[in-house]
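*Asks:* Quick one: structure below, then a few questions.
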Amino acid sequence: MKRCFMLFAVLASFSIFAQEPTKFFMVVKARAFAKALETHTQAGDGVLLDVRKPNEFQEGHIEGAQNIDFYSETFKDDLDELDRNKTYLVYCRSGGRSGRTSDLMKKMGFQRVYDLRGGIIAWKAGKQKVIQ
């Protein structure tokens, strides 16, 4: 009887955890960021966010990026309009703004966020593609 109860408890816990979406907030290097971007773009659930100023964005950005200016008065409102169940890949120039953005997104209830360590500077240093 005790074994049956233990088996039931274990199986019940697996079914509870299986229903919850996986939550993660990761700071990753350029190569891992590129792989995550490819994976989530192909899956259709990835959104690439560039949180630099518009003029920085125009100087060069990762292909497919959506620009939301960290310093804009509407920044939090802009984030609030995003689907919290998608996977977000966030970057800035060197990692400061994207780190603060990831922290804010976590507080706002977003589920999955990758933050590019070192920002677009590290992306370029890793020989990754940038478009203008």
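The sequence shown maps to residues -18 to -1, 1 to 114 in mature numbering (1 follows the signal peptide of the UniProt record, and there is no 0). Cβ coordinates follow ideal geometry from the N, Cα and C atoms, glycine included.
Are the CB atoms of residue 96 and residue 29 within a distance shorter than 8 Å?
*Replies:* No, Cβ-Cβ distance for residue 29 and residue 96 is not below 8 Å.
*Asks:* One question on the structure: do residue 93 and residue 5 come within less than 8 Å of each other, judged by their Cβ atoms?
*Replies:* Taking 8 Å as the Cβ cut-off, residue 93 and residue 5 qualify as a contacting pair.
*Asks:* Whose C-alpha, out of 48, 38, 53, is nearest the C-alpha of residue 71?
*Replies:* Answer by Cα proximity: 48.
*Asks:* Give the C-beta separation of residue 101 and residue 76 to the nearest angstrom, bearing in mind that I take them to be a contact with Cβ-Cβ under 8 Å.
*Replies:* Going by Cβ atoms, the distance from residue 101 to residue 76 rounds to 4 Å, so yes, they are a contact pair.
*Asks:* My guess is that residue 60 and residue 44 are in contact by the Cβ rule of under 8 Å, so how many angstroms apart are they, rounded?
*Replies:* The Cβ separation is near 18 Å, so there is no contact.
*Asks:* Considering only C-alpha positions, which residue in the set 99, 88, 68, 14 is nearest to residue 58?
*Replies:* Comparing Cα-Cα distances from residue 58 to each of 99, 88, 68, 14, the minimum goes to 88.
*Asks:* Just list the residues that DSSP pairs residue 94 with in beta bridges.
*Replies:* DSSP, once it has assigned bridges, lists 6, 69 as partnering residue 94.
*Asks:* Below 8 Å on the Cβ atoms is my guess for residue 114 versus residue 42; work out the distance and round it to an integer in Å.
*Replies:* Residue 114 to residue 42, Cβ: 5 Å. Contact.
*Asks:* What ranges does the alpha helix (DSSP H) occupy inside the segment 15 to 60, keeping only unbroken runs of at least 4 residues that lie completely in it?
*Replies:* Whole alpha helix (DSSP H) segments, 4+ residues: 36 to 41.
*Asks:* So the candidates are 20, 80, 25, 108; which of them puts its Cα closest to the Cα of residue 35?
*Replies:* With distances taken between Cα atoms, residue 35 lies closest to 80.
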